[in-house]
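Enquirer:
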Amino acid sequence: MAKQRRKRRRGAPAELPGSRKSKYPFPLSLLFNAKIFYVFFIVVMIASMGAIGFGNFGGSNSRRTTAPIVIDSTPAPTSDAQQWPAGPPPVIDASTAHVATIETSEGDIVIALSTEAPEAVNSFAFLAAKNFYDGVAFFYVDQNYFTQTGDPTCTGDGDRICSGLGGPGYTLAVEGIGKHERFSVVLIADSEGGLDVHGSQFRILYTADERLDGTETVFGIVIEGQDILTGLSDLSVCSVSTADDCQEDLSNALIIKDVTIRPVNATVLAEG
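Each number in our numbering corresponds to the 1-based position in the sequence shown with 30 added.
#1: What whole-angstrom Cβ distance do isoleucine 139 and leucine 259 have, given they're in contact under 8 Å?
#2: Going by DSSP in three states, glutamine 277 sits in which element: helix, strand or coil?
#3: By DSSP's criteria, glycine 250 is part of a beta bridge. Which residues make up the other side?
#4: Hey, how far is the Cα of isoleucine 285 from the Cα of glutamine 277?
#5: As a quick exercise: from Ala273, Asp279, Gly250 and Glu146, pick the residue whose alpha carbon is nearest that of arginine 212.
#6: Does the stretch 195–209 come close enough to the stretch 142–153 to have 3 or more Cβ pairs within less than 8 Å?
#7: Distance, Cα to Cα, histidine 210 vs isoleucine 253?
#8: Using CA coordinates, which residue listed in Ala219, Ser269, Cys268 and Asp257 is at the minimum distance from threonine 247?
#9: Per DSSP, what kind of secondary structure is glutamine 256 in: helix, strand or coil?
#10: Candidates Asn161, His228, Trp114 and Asn174: which alpha carbon is nearest glycine 194's?
#11: Just list the alpha helix (DSSP H) runs in the stretch 124–189, keeping only unbroken ones of 4 residues or longer that don't cross its boundaries, in chain order.
#12: For leucine 289, count neighbouring Cβ atoms within 10 angstroms of its own Cβ and tell me buried if that reaches 16, exposed if not.
#13: If distances are taken between C-alpha atoms only, which option among Thr131, Asp123 and Lys160 comes closest to glutamate 146?
#14: How is phenylalanine 84 classed by DSSP in three states: helix, strand or coil?
#15: Per DSSP, which one or two residues make a beta bridge with proline 293?
#16: Who are the near neighbours of leucine 262 in its chain, counting only those whose CB is closer than 8 Å to its CB and skipping five residues on each side?
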């Protein structure tokens with residue numbers, strides 16, 4: 031029996047070439063070795079997830095730190111309004127008391143004009159006689175401070191872009207005597223720190239502000255029609271303001287229809 035077992039061992043067929051598992055070249059050996067393949071797969075997945083996370087982090091951070099593009103939307107003043115570079119000629123005796131009636135889309139606003147600001151009053155009368163203010167809007171309203179008008183580019187018809195820069199082509203010297211009281215009518219400073227005031231643009235104050243006394247020209251005070259002014263809603267037009275709640279147009283703004291200047295208890299001297 032032992033001999034037979036030995037014979038069988040001797041008679042067992044020799045292994046044929048290739049009967050053992052063949053060894054594959056390097057790249058394929060990784061794929062066919064399960065353990066190595068799983069380890070390789072996990073490493074690749076971790077690396078991929080890390081790259082994605084880093085990319086998202088870097089992307090969000092770059093969005094937070096990138097400054098927004100700011101476009102200057104303030105247009106140059108455009109208007110077909112008349113210009114008088116030489117300034118207004120004398121049209122009234124501003125040393126006597128006058129009142130101005132501003133006819134608006136909501137009713138009349140009456141202003142007692144100051145005899146202490148003769149240049150401003152004369153200019154106002156001159157522009158009224160030239161129909162300069164007709165169709166012009168109160169393009170800014172802040173019930174905590176003031177409302178502003180007198181820019182010929184700011185109208186309610188939408189034909190022109192309201193620039194907030196329009197005027198008659200001249201400025202006036204500051205007549206800084208009047209007080210900035212509630213409902214005072216003020217020609218605004220033409221530029222910060224300047225010695226002149228605007229030729230046509232004026233504010234009507236909702237709140238007294240003595241800090242501005244002497245820096246602008248107070249040329250009158252509203253004596254009738256205050257309810258029209260207090261009834262206005264806050265307004266800022268987007269072509270002038272960068273406020274988030276600015277309006278695209280002035281279709282709902284208070285519009286000046288006509289301005290008439292009269293001496294007290296006398297006939298009309300300047301009528302637009």
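Even glycine gets a Cβ: it sits at the ideal position worked out from N, Cα and C.
These numbers were taken from a predicted model, which means no experiment stands behind them.
Expert: Working from what's here:
#1: 7 Å
#2: strand
#3: Leu143 and Val215
#4: 16 Å
#5: For the residues Ala273, Asp279, Gly250 and Glu146, the minimum Cα distance to arginine 212 belongs to Gly250.
#6: Proximity of the stretch 195–209 to the stretch 142–153 meets the contact definition, three or more beta-carbon pairs being nearer than 8 Å.
#7: 15 Å
#8: Ala219
#9: Of the three classes helix, strand and coil, the one that applies to glutamine 256 here is helix, per DSSP.
#10: His228
#11: 148–159
#12: The question names leucine, yet the displayed sequence has valine at residue 289. So valine 289 counts as buried.
#13: Residue Asp123 is the option with its Cα nearest to glutamate 146.
#14: Residue placement at phenylalanine 84 is flagged as unreliable, the pLDDT there being 46, under the threshold of 50; a coordinate-derived value is accordingly withheld.
#15: Bridge partners of proline 293: His128.
#16: Phe168, Val171, Gln173, Thr177 and Leu284
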